[in-house]
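Please read the structure below before turning to the comments.
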Amino acid sequence: MKIICFLILIFTHQLVSSKSNDSPNLDFKKVQSQSWNEWKKDLKKTLKKENFMDSTLDLLDEINFNPKVIEYDRKQPEFKLTFEKYLQRNINEQKKKDINKIYKQNKELLLLLSEKFKVNPTILVSLWGIETSFGKHIGKLDILSSLLSLAYDGRRQKFFMKEFKLALKILEEGHVSPKDFKGSWAGAFGQTQFMPSTFHKFAIDFDNDKKINLFKKSDALASGANYLNQVGWNNNLLWGEEVKIIITDKLKNLSKKKKYKTKKFWEKNGISFKNNYNERVQMRLVIPDLEGKQFFLVTKNFDVILDWNRSNYFALTVFLLSDEVIK
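Using numbering that gives the first Met the number 0, the first residue of the sequence shown is number 0, and each one after it goes up by one.
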């Protein structure tokens with residue numbers, strides 16, 4: 000799941016000239032043949048045939064196009080910042096203090112979820128911190144407007160239209176009211192920033208109030224824990240660590256192809272591990288920047304976090320912040 004960070008930092012060309020290994024192709028040009036209102040009118044006819052309720056379809060009349068989300072889609076921070084700068088913005092002394100304070104305050108819930116879903120509580124609290132600063136910053140943009148604007152833009156129309164329809168279903172099922180349905184520019188919402196598709200796959204009603212409310216801590220964290228469990232989190236695996244390595248073309252190629260190798264293989268290539276891993280553990284090399292200043296060996300739990308958000312920057316930051324938790 001590409002859970003996308005909702006805080007968008009816009010930088011000048013001089014500040015973002017370094018390209019990261021996360022960079023997608025954001026070049027896109029399309030001239031929409033229909034006006035916004037004409038397009039919405041046709042969409043309502045289509046949704047009517049898909050059995051959406053009239054009261055739901057009426058919501059489209061009030062949805063305005065938001066050009067800001069299109070700007071954000073072209074200027075995502077994971078795709079512009081170097082890893083070093085991205086890390087500095089997400090892990091600082093205050094964030095380290097905050098995560099330990101929050102962990103202690105919510106330790107009972109986090110341990111309960113850890114036991115029930117077999118996930119690491121420090122990873123769960125780290126995800127919570129990276130996504131929304133522990134629920135403080137959940138986004139203020141109208142979800143329906145964001146998703147529909149992105150679908151109209153067309154760069155990823157199929158994806159965002161699917162998410163829009165699933166967002167409508169969330170409203171029809173009564174989990175949240177339209178006025179409270181706020182979140183990120185890309186349509187992620189709640190304390191763990193789920194996209195609508197992720198909501199339908201993994202969100203759960205943990206407090207048994209007949210609603211799945213991701214704006215509430217208990218439902219949000221339980222849903223996050225359920226997500227990690229369902230996509231393959233292994234509590235018996237350490238995530239990995241930063242390593243010192245003499246990089247070669249062979250190792251660069253292994254990193255590019257995401258090839259897992261044994262602990263013995265990496266030791267033969269000069270790696271001295273800080274953590275104590277099982278001898279049979281499989282690990283792969285991650286080089287977050289094309290500049291190649293930092294190197295990490297990671298286990299398959301890394302790919303679980305990539306399922307949440309397909310950014311090496313994001314995944315590495317989640318793990319590195321989790322390491323700051325003092326249990």
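Where is the CB? At the ideal position from N, CA and C, for every residue including glycine.
(message) Comparing C-alpha positions only, which one of T45, K96, L227, G138 sits nearest to K161?
(response) For the purposes of this step, residue 161 is identified with residue 162 of the sequence shown, where counting begins at 1. Minimum Cα distance to K161 is reached at T45.
(message) Going by beta-carbon coordinates alone, are G182 and L140 separated by less than 9 Å?
(response) On the sequence shown, residue 182 is found 183 positions in, with the first residue counted as 1. On the sequence shown, residue 140 is found 141 positions in, with the first residue counted as 1. In contact: G182 and L140 (Cβ atoms closer than 9 Å).
(message) Can you look up N24 in the DSSP assignment and give me helix, strand or coil?
(response) Along the sequence shown, read from residue 1 onward, the residue named residue 24 stands at position 25. Since pLDDT at N24 reaches only 48, below the 50 mark, its modelled position is unreliable, and no value is offered.
(message) What would DSSP say about T261, mapped onto helix, strand or coil?
(response) Residue 261 sits at position 262 when you count from the first residue of the sequence shown. Correct three-state label for T261: strand.
(message) Let me confirm a value: N274 is counted as buried when at least 16 other C-beta atoms fall within 10 Å, else exposed. Which label applies?
(response) For the purposes of this step, residue 274 is identified with residue 275 of the sequence shown, where counting begins at 1. When all chains shown are included, N274 counts as exposed.
(message) Taking the beta strand (DSSP E) that K240 belongs to, which residues open and close that run?
(response) Position 241 of the sequence shown, counted from the first residue, corresponds to residue 240. Rather than Lys, the amino acid found at residue 240 in this sequence is Glu. Residues 239 to 242.
(message) Quick test of your reading: S321 and I122, contact by CB under 8 Å. State the CB separation rounded to the nearest angstrom.
(response) Translated into positions along the sequence shown, residue 321 becomes position 322. Translated into positions along the sequence shown, residue 122 becomes position 123. Correct: roughly 5 Å between the Cβ atoms.
(message) Need the endpoints of the beta strand (DSSP E) that F294 sits in, please.
(response) Here the question's residue 294 lines up with position 295 in the sequence shown. Taken as a continuous stretch (DSSP letters only), the beta strand (DSSP E) holding F294 covers 294 to 297.
(request) In angstroms with no decimal places, state the Cα-to-Cα distance between F201 and A221. (result) Within the sequence shown, the letter at position 202 stands for residue 201. Within the sequence shown, the letter at position 222 stands for residue 221. The alpha-carbon atoms of F201 and A221 are separated by roughly 9 Å.
(message) Measuring only the C-alpha atoms, how far is K94 from A314?
(response) Numbered from 1 along the sequence shown, position 95 holds the residue referred to as residue 94. Numbered from 1 along the sequence shown, position 315 holds the residue referred to as residue 314. For K94 and A314, the distance between alpha carbons rounds to 17 Å.
(request) Would you mind working out which of L86, I137, W232, V285 sits nearest K243, comparing C-alpha positions? (result) As a first step, residue 243 is located in the sequence shown; it is residue number 244 there, counting from the start. If we check each option's Cα against that of K243, V285 comes out closest.
(message) With distance defined between alpha-carbon atoms, name the residue in K215, F64, K263, N234 nearest to G191.
(response) Counting from one through the sequence shown, the residue named residue 191 turns up at place 192. Reading off the sequence, residue 191 comes out as Thr, not Gly. Nearest C-alpha to T191: K215.
(request) Could you have a look at N303 and say whether DSSP puts it in helix, strand or coil? (result) Along the sequence shown, one-based indexing puts residue 303 at 304. Position check: residue 303 holds Val in this sequence, whereas Asn was assumed. Of the three classes helix, strand and coil, the one that applies to V303 here is helix, per DSSP.
(message) Could you tell me the alpha carbon to alpha carbon distance between L146 and S271, rounded to whole angstroms?
(response) In the sequence shown, counting from the first residue as 1, residue 146 sits at position 147. In the sequence shown, counting from the first residue as 1, residue 271 sits at position 272. Those two C-alpha atoms are separated by around 47 Å.
(message) For T298 and K249, I'd like the C-alpha separation in whole angstroms.
(response) Here residue 298 is taken as the residue at index 299 of the sequence shown, counted from 1. Here residue 249 is taken as the residue at index 250 of the sequence shown, counted from 1. Looking at the two C-alpha atoms, the distance is approximately 20 Å.
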